[in-house]
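Only one structure is covered here, and it is reproduced in the block below.
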Amino acid sequence: MPDVEAKPPLMTIILIAVLVFNVLGIGLSEIQRRQLGQQSFLAVLELRDIEKQRLAQQTVELDRIRNLIDDVDQRINKVQIVLESGPIALQVKGIEARVNALQIKMEEASTSK
5 MPDVEAKPPL MTIILIAVLV FNVLGIGLSE IQRRQLGQQS FLAVLELRDI EKQRLAQQTV
65 ELDRIRNLID DVDQRINKVQ IVLESGPIAL QVKGIEARVN ALQIKMEEAS TSK
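Residue numbers for the sequence shown follow our numbering, so the first one is 5 and each next one is one higher.
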């Protein structure tokens, strides 16, 4: 009979221990869930900051490229002005006339075949 009376307190102790471990597990799981939520929130904030920095860098780069394009455009305009006026203009017109004459001869030769 002593064995029969000893089992219920042992079972009770085991059940209480399992219950305590279960409560501890639930508590730790909740703590972990909150930490993961906080980490994901911080990661989103960090990504926003990185995106803002990237956009600022792109704006600076875009302004630099626009300035380069404006500079190249001004140089092209200066070259066109020089080509359209002055002694070089006559040489360019002569070259264009020779190129046009050559194109006409090539077209005539290809159509006569």
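No residue lacks a Cβ here, since even glycine has one placed at the ideal position from N, Cα and C.
Just so it is clear, the structure is predicted and the values come from calculations on it, not from any experiment.
Apart from sequence neighbours up to five positions away, no residue of its chain approaches Asp77 with a beta-carbon distance below 7 Å. Within the model, the alpha-carbon separation for Val27 versus Ser33 is close to 10 Å. Under the three-state reduction of DSSP output, Ser116 falls in the helix class. In the three-state reduction of the DSSP assignment, Gly90 falls in the coil class.
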